[in-house]
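Number of protein chains: 10
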Amino acid sequence: MDRNQVTQKIVTAKVSKKMTWAQIAERIGQSKEWTTAAMLGQMTLTAKQAATAQELFELTDEETLWLQIVPYKGSLPTPVPTDPLIYRWYEIVSVYGSTIKELIHEEFGDGIMSAIDFKMDIQRQADPNGDRVNVMLSGKFLPYKTY
Amino acid sequence: MDRNQVTQKIVTAKVSKKMTWAQIAERIGQSKEWTTAAMLGQMTLTAKQAATAQELFELTDEETLWLQIVPYKGSLPTPVPTDPLIYRWYEIVSVYGSTIKELIHEEFGDGIMSAIDFKMDIQRQADPNGDRVNVMLSGKFLPYKTY
Amino acid sequence: MDRNQVTQKIVTAKVSKKMTWAQIAERIGQSKEWTTAAMLGQMTLTAKQAATAQELFELTDEETLWLQIVPYKGSLPTPVPTDPLIYRWYEIVSVYGSTIKELIHEEFGDGIMSAIDFKMDIQRQADPNGDRVNVMLSGKFLPYKTY
Amino acid sequence: MDRNQVTQKIVTAKVSKKMTWAQIAERIGQSKEWTTAAMLGQMTLTAKQAATAQELFELTDEETLWLQIVPYKGSLPTPVPTDPLIYRWYEIVSVYGSTIKELIHEEFGDGIMSAIDFKMDIQRQADPNGDRVNVMLSGKFLPYKTY
Amino acid sequence: MDRNQVTQKIVTAKVSKKMTWAQIAERIGQSKEWTTAAMLGQMTLTAKQAATAQELFELTDEETLWLQIVPYKGSLPTPVPTDPLIYRWYEIVSVYGSTIKELIHEEFGDGIMSAIDFKMDIQRQADPNGDRVNVMLSGKFLPYKTY
Amino acid sequence: MDRNQVTQKIVTAKVSKKMTWAQIAERIGQSKEWTTAAMLGQMTLTAKQAATAQELFELTDEETLWLQIVPYKGSLPTPVPTDPLIYRWYEIVSVYGSTIKELIHEEFGDGIMSAIDFKMDIQRQADPNGDRVNVMLSGKFLPYKTY
Amino acid sequence: MDRNQVTQKIVTAKVSKKMTWAQIAERIGQSKEWTTAAMLGQMTLTAKQAATAQELFELTDEETLWLQIVPYKGSLPTPVPTDPLIYRWYEIVSVYGSTIKELIHEEFGDGIMSAIDFKMDIQRQADPNGDRVNVMLSGKFLPYKTY
Amino acid sequence: MDRNQVTQKIVTAKVSKKMTWAQIAERIGQSKEWTTAAMLGQMTLTAKQAATAQELFELTDEETLWLQIVPYKGSLPTPVPTDPLIYRWYEIVSVYGSTIKELIHEEFGDGIMSAIDFKMDIQRQADPNGDRVNVMLSGKFLPYKTY
Amino acid sequence: MDRNQVTQKIVTAKVSKKMTWAQIAERIGQSKEWTTAAMLGQMTLTAKQAATAQELFELTDEETLWLQIVPYKGSLPTPVPTDPLIYRWYEIVSVYGSTIKELIHEEFGDGIMSAIDFKMDIQRQADPNGDRVNVMLSGKFLPYKTY
Amino acid sequence: MDRNQVTQKIVTAKVSKKMTWAQIAERIGQSKEWTTAAMLGQMTLTAKQAATAQELFELTDEETLWLQIVPYKGSLPTPVPTDPLIYRWYEIVSVYGSTIKELIHEEFGDGIMSAIDFKMDIQRQADPNGDRVNVMLSGKFLPYKTY
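Residue numbers (the UniProt record's numbering), protein chains in the order written: chain A, 1 to 147; chain B, 1 to 147; chain C, 1 to 147; chain D, 1 to 147; chain E, 1 to 147; chain F, 1 to 147; chain G, 1 to 147; chain H, 1 to 147; chain I, 1 to 147; chain J, 1 to 147.
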């Protein structure tokens, strides 16, 4: 058994029980963004969060233990994603990557925007020309230092 | 001659003249995000914008023409980026890609967040634990339709 | 269980029952192009369409639910396809890609032809020199905008 | 010297002289699709077509000879294209490739749609919801035969 | 079930029953080259040919149906083959590919040698210095046309 | 200087002087297949053959020396060729590779068909349905031995 | 069933029965190098050798037949091997490859060292500074010929 | 300037001056194997060896300095080599890699054969069936240790 | 059965029994670094160590035997790792690799730092700005020698 | 002009002037590890550090400016490095990567060891069995947080 099998079981249970990620997040007690990532095998749950997941998805005790182990992360099957929605994000990195780099360095100097001390918020914005997906990414700036 | 050579010349001129992207954007009259992408060879300028760029970077007439031609886009030298700042964005796509997909589909149904009808805003947020990079991405939702 | 297993089951059932995609499309009530893509795991069905598919292919309730979940798209096993028919399409992109780009930009300016707000129609054209495959692709033009 | 250098020179001359591909095609006397592909180094010109190109782009005699030599074809720098417009075509092959294969085989049996005995027509279709790019692809069906 | 499983079953049956491809071809009524390709999952059988195969390899009715469906072609597990015999063919393409291209174009002009309207004949030629493998490949020339 | 530069110079000279490979081969005194491969940088010339090439293409003495040095072979820019004519050969290896392997082993046992003790002959075959390219490949069979 | 499964079974049996490759080779009657390669699925056994293997590893009749079929060769899971021992050999090819090429050509002219008419002998050499692995590779030189 | 340019200059000088690697090695005072690797940019020369090379190849003082700097090693342009002679060595690693691993481990236990404390000797062996290339590889065994 | 399956079983047993690697290492009698690598299938155990592991993880006799066989090493599923923690190490190699090479060569001359005669120690260092991971790597320097 | 050209010039000047990295670091006033990385184009210099570098390497004013611009990082030409010294580090990541991950997570929980708030110290340790390279890596632990 590994974490992938637990993820697979959770996804199947979610389909069968017709739950939404927002409902699951409310039960887990975290944002829908973090909760979905955790259920898809990218984050580590506390014992309490895992117990809630056990109840929601009818997991065994061993499966519940796996949710509390740090997983091997990475949720995509290929380096360049084939799914159109996820590809558009890869395209943003490809087309705007050098722009993002230039502007963060201009404002902060040499360093990176953390993908660990990081949070994300996905919202729908109504728009008469077609609703928009608004995503706020927030990461701590970490400077390179000399030594 | 091609667009890459014009980009190379603009970047070198920017270094020599010690301009910032924000100053250049003010002269061009667009946001710093769009302007930087355009100067880095990812966007197409109008004749008026190109004339401003010509003056700023002392371009020839032919180089100025190239800025008005739609470029072959893509600003990174490898499919998986090696630069740590840009890689963190690739990592976000790798780790959170399936989460983003699930949450957008839960809210909007099948479709994508456009990377064309798209804008981006990069801001510094002061924080006593270390300042944060906040990035707002906004893309129109485009639904798949049956036919 | 995942969508691939449902696709596999549908394809096997289609072979056993000797149905054509055109017949299936008529039952689903959409074009043969959209219906085939949906049955091959690339599109999301409505509850009503899924119920028809359940009947046609003797699916379980859970399999029928999976048809209504947005799938991870991409129908080919390798970045460069090995099947000769599909490769010829890849070759068209390889040989004519820069031509298509130039001509669309000449007519519409900077932007893309949507692969989401998109439809396709495949027809046989009788021809004494050998019948022809005629394919009409229609995608909305989406312009890049400044901001 | 090789064909790429001639292509580079033609593209630069086209920018300097502000010609469109449609105008060039009219002078060459072929469709804008074929002409653009030829000028971008994918097709072979006759002596007469090459002479017209020589005059249009002020080519040397040796450059004009190169236009009459069959080129090494393939117009993209990477197997998976990074330019968003061309990527959308690759995405169509990825998402709809298995669909196209199934429908052509259902209609014609085993074989391929030729990418050699092939033509393409790109048209603008006005549409109140946003103009559309319509592309007609026509290729002779070539059947596999037993022997 | 898919075609690969039928191929796997045929290969195993051939081993168990100690048949040669030449014997199988004689029963199917086609050349040994075409028959072997078909049995290895690269070609589509007629109902009559499939019935013969069913008898030879003790296939089920469903397996027999699969032989009559156009397969997803491509018989090698990697883009560059690792098997020494097959690699030698890849090496011929790598070393002599540009030569083949030059000589066919010199004789026929721009176009290709078809891999669809194609046949192959493999013969042993006795030679005192060591017997030779002689392979005759024959493909229709398909010219590019202007339009 | 390296062999690629000599190849480039030979190809350009051939274009300027409007020679055919067949004419060059006659002068060199070998088959058109071997001669073309040699001129494209895949084979090593004798001093006498190199002297003929020097005269034909107006090479310098150093360039002439390079023709007599064993080159680093491989004439294609990518593992999977993009040029349609050469790709068709790669497709033959992909689709028929396992067939070729089976049939040679059935006839000869374990071993390979040599790509070194190898020759090739390309001929045009007139055919009312369209002329055919006939290629005869002949390679010595080399058996694996136990020891 | 395929050859990989037979290999897997042989390796497991070897572990359970605590045999060495040298002992197995003695029973098979060939060198330990050839025998190990054969047992790992890279060589073809005669009926007599296969019968010995059947007895040693308690194979079924069908498994024993598979040992007499020419296998699809290639024993590594990735193009660049990850195992440190095997990688060192890949490194030798990477670092010394051009040296080996130069020296063989200097001695023999254009051609290759055969990997088919080839044998290998691995010996331990005691050395006070640490024992050494000595490997003798011997391959017939095969010259390229003109034609 | 970098080491590759010095290598390029040495190789060109060797061609012009018609020296052999054996002659160069004699002058440098090392084996022909080590000397060739060093001249091809894979090894570091002492001041004395570099001075000899300077004289042999008419190098500048700066070029001579580069020969004494440890180079970035790796002499092949692609992960899987295209040159037939070098590929045969890659094939040996691919086909016999797992065999070599098993036999070294059987004799020595867990560890590697060093590619650093390593030497190589290439000899011609006359043989009435065709001369053979004999290569002796000798590397120190380095055991993994527990700690 | 192979070593991966034993690794999988050990990891699952560790989760179920809530053991830490430090506790397991104490039982095995080696450092936590070596022990973890061994349990994850990268090292070879002695009979005594394997017996301890058998007891700890309730392994069968055959599984215990596998622990004493030298494994095919390499613990990551892709050449560029997707897991953020492991990627940071790959990034260190990418960004600092040329620095490490320069400094080791400056101190030691041409050669390598062994990854075989190698040990590693991972420690937590308390720090008011956030605790630090300190890793000491120690490898024997192995010089290239002339011969 | 870009940063790579400045790096190239610095490396060449260092060779000509026979400086060591340790001497350069002393002049720059930072550790030899950071200084070497900076000179090899991986770090950003302050105005004062750049002025020192200008003097040391006789750089132009524009080259000196480039040293103060954040570079596109990544110092290796291929994803899997070919140089033996650097490869050994890649091998450590490959073989011990999962071990490092497990032990850091066991001590710290889910998160990463930073490669930005990071320092490195390379030391020679005398050892009668052969001197050792000791490398201390120290990175801040960054925990994943829920939100």
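We put the beta carbon where it would ideally sit given N, CA and C, even for glycine.
* Any C-beta of chain E under 8 Å from that of H:Y87 -> Against the eighth sequence, residue 87 of chain H aligns to sequence position 87. The C-beta of H:Y87 comes closer than 8 Å to at least one C-beta of chain E.
* Among G:I28, G:Y90, G:G74, nearest to H:T78 - alpha-carbon criterion -> Counting from 1 along the eighth sequence, the entry for residue 78 of chain H is found at position 78. Checked all of G:I28, G:Y90, G:G74; the closest Cα to H:T78 is G:Y90.
* Between which two residues does the beta strand (DSSP E) harbouring B:K140 extend? -> Here the question's residue 140 of chain B lines up with position 140 in the second sequence. Looking at the DSSP string, the run of the beta strand (DSSP E) that includes B:K140 is 132 to 143.
* **DSSP bridge partner residues for J:F118 (one or two, in chain order)** => In the tenth sequence, the residue the question calls residue 118 of chain J occupies position 118. Per DSSP, the beta-bridge partners of J:F118 are J:G139.
* How is E:G111 classed by DSSP in three states: helix, strand or coil? -> Numbered from its first residue, the fifth sequence carries residue 111 of chain E at position 111. Of the three classes helix, strand and coil, the one that applies to E:G111 here is strand, per DSSP.
* Taking DSSP as the reference, what is the three-state secondary structure of residue 151 of chain H? -> Nothing can be reported for residue 151 of chain H, as the shown portion of chain H is limited to 1 through 147.
* How many whole angstroms separate the CB atoms of F:V70 and G:D110, which I take to be in contact at a CB cut-off of 8 Å? -> For the purposes of this step, residue 70 of chain F is identified with residue 70 of the sixth sequence, where counting begins at 1. For the purposes of this step, residue 110 of chain G is identified with residue 110 of the seventh sequence, where counting begins at 1. Going by Cβ atoms, the distance from F:V70 to G:D110 rounds to 5 Å, so yes, they are a contact pair.
* Asked: The alpha helix (DSSP H) with G:A38 in it runs from where to where?
  -> By 1-based counting over the seventh sequence, the position of residue 38 of chain G is 38. Segment 32 to 39, the alpha helix (DSSP H) holding G:A38.
* Asked: Helix, strand or coil: which one does DSSP assign to G:Q42?
  -> Residue mapping note: residue 42 of chain G aligns to position 42 of the seventh sequence, counting from 1. Note: G:Q42 maps to coil in three-state DSSP.
* **Cβ shell of I:T36 (< 6 Å), same chain only, five flanking positions each side left out** => In the ninth sequence, residue 36 of chain I corresponds to position 36, counting from 1. Cβ within range, chain order: W21.
* **Simplified DSSP state of B:Q123, which is helix, strand or coil** => As a position in the second sequence, residue 123 of chain B is number 123, starting the count at 1. Three-state DSSP puts B:Q123 in a strand.
* Asked: Under the three-state reduction of DSSP, which class applies to G:Y147: helix, strand or coil?
  -> Along the seventh sequence, one-based indexing puts residue 147 of chain G at 147. Three-state DSSP puts G:Y147 in coil, outside helix and strand.
* Asked: Grouping DSSP H, G and I as helix and E and B as strand, with all else coil, what is J:S75?
  -> As a working mapping, residue 75 of chain J is identified with position 75 in the tenth sequence. Judged by DSSP in its simplified three-state form, J:S75 adopts coil rather than helix or strand.
* **Under 8 Å from the C-beta of D:Q30: neighbouring residues of chain E** => Indexing the fourth sequence from 1 puts residue 30 of chain D at position 30. Under a criterion of Cβ atoms nearer than 8 Å, the residues of chain E adjacent to D:Q30 are, in order, T146, Y147.
* Is the Cβ-Cβ distance between H:K140 and G:R124 less than 8 Å? -> Within the eighth sequence, residue 140 of chain H is the residue found at index 140, counting from 1. Within the seventh sequence, residue 124 of chain G is the residue found at index 124, counting from 1. No, the pair does not count as a contact, with Cβ atoms beyond the cut-off.
* Contacts of J:W66 in chain B (Cβ-Cβ under 8 Å) -> Here residue 66 of chain J corresponds to residue number 66 of the tenth sequence, with the count starting at 1. The contacting residues are V15.
* Asked: Which residues bound the alpha helix (DSSP H) around E:D61?
  -> In the fifth sequence, residue 61 of chain E corresponds to position 61, counting from 1. That run of the alpha helix (DSSP H) goes 61 to 66.
* Asked: Using DSSP with H/G/I as helix, E/B as strand and the rest coil, what is B:P84?
  -> On the second sequence, residue 84 of chain B is found 84 positions in, with the first residue counted as 1. It is helical.
* Asked: How about C:V80 and F:V80: do their beta carbons lie closer than 8 Å?
  -> Along the third sequence, read from residue 1 onward, the residue named residue 80 of chain C stands at position 80. Along the sixth sequence, read from residue 1 onward, the residue named residue 80 of chain F stands at position 80. Taking 8 Å as the Cβ cut-off, C:V80 and F:V80 qualify as a contacting pair.
* Contacts around B:Q68, its chain only, beta-carbon distance under 8 Å, and the 5 residues preceding and following it disregarded -> Against the second sequence, residue 68 of chain B aligns to sequence position 68. So the qualifying residues of the chain are T44, L45, T46, A47, A50.
* Asked: For A:E106, which of B:I116, B:L76, B:I122 has the nearest alpha-carbon?
  -> As a first step, residue 106 of chain A must be located in the first sequence, where it is residue number 106. The residue with the shortest Cα to Cα distance from A:E106 is B:I122.
* Asked: Whose C-alpha, out of F:E55, F:G97, F:M39, F:A126, is nearest the C-alpha of F:Q5?
  -> Residue numbering aside, residue 5 of chain F sits at position 5 when the sixth sequence is read from its first letter. Among F:E55, F:G97, F:M39, F:A126, the Cα nearest to that of F:Q5 belongs to F:M39.
* Within the 8 Å Cβ cut-off, does B:P79 reach chain A? -> Taking the first residue of the second sequence as 1, we reach residue 79 of chain B at position 79. Yes, B:P79 lies at the interface with chain A (some Cβ there is under 8 Å from its Cβ).
* To do: Say whether chain B places a C-beta atom closer than 8 Å to the C-beta of A:V133.
  => For the purposes of this step, residue 133 of chain A is taken as residue 133 along the first sequence, with counting starting at 1. So, interface residue.
* Closest Cβ-Cβ distance between A:P128 and chain D: below 8 Å? -> Indexing the first sequence from 1 puts residue 128 of chain A at position 128. Cβ-Cβ to chain D under 8 Å: no for A:P128.
* Could you confirm whether any beta carbon from chain E is found closer than 8 Å to the beta carbon of C:D83? => Stepping through the third sequence from its first residue, residue 83 of chain C is reached at position 83. Interface residue, yes.
* Asked: By how many angstroms is the C-alpha of J:S75 removed from the C-alpha of I:G130?
  -> One-based indexing of the ninth sequence puts residue 130 of chain I at position 130. One-based indexing of the tenth sequence puts residue 75 of chain J at position 75. Their Cα atoms are separated by approximately 29 Å.
* Asked: Secondary structure at F:G29, three-state DSSP: helix, strand or coil?
  -> Here the question's residue 29 of chain F lines up with position 29 in the sixth sequence. In the structure shown, F:G29 sits in coil (DSSP, three-state: anything other than H, G, I, E or B).
* To do: Starting from the C-beta of A:I112, find all residues in its chain whose C-beta is less than 7 Å away, skip the five residues before and the five after it, and write them out in chain order.
  => Looking up residue 112 of chain A in the first sequence gives position 112. Closer than 7 Å at the Cβ level, and outside the excluded window around A:I112, lie L142.
* **D:E58: contacting residues in chain A (beta-carbon distance under 7 Å)** => The residue you call residue 58 of chain D lines up with position 58 of the fourth sequence. Under the 7 Å cutoff, chain A gives no residues; its nearest Cβ is about 34 Å from D:E58.
* Asked: For F:I10, does the three-state DSSP call read helix, strand or coil?
  -> Translated into positions along the sixth sequence, residue 10 of chain F becomes position 10. F:I10: helix per DSSP, three-state reduction.
* With 8 Å as the limit, tell me which residues of the region 28 to 55 of chain I have their beta carbon closer than that to any beta carbon of chain A; keep them in chain order. => none
* Between the Cα of J:K9 and the Cα atoms of J:T82, J:E102, J:T60, J:A126, which residue gives the shortest distance? -> By one-based count along the tenth sequence, residue 9 of chain J stands at place 9. Residue J:T60 is the option with its Cα nearest to J:K9.
* To do: Just the chain H side, please: which residues come within less than 8 Å of I:I112 by C-beta, in chain order?
  => For the purposes of this step, residue 112 of chain I is taken as the residue at position 112 of the ninth sequence. Close to I:I112, with beta-carbon spacing below 8 Å, are these residues of chain H in chain order: I116.
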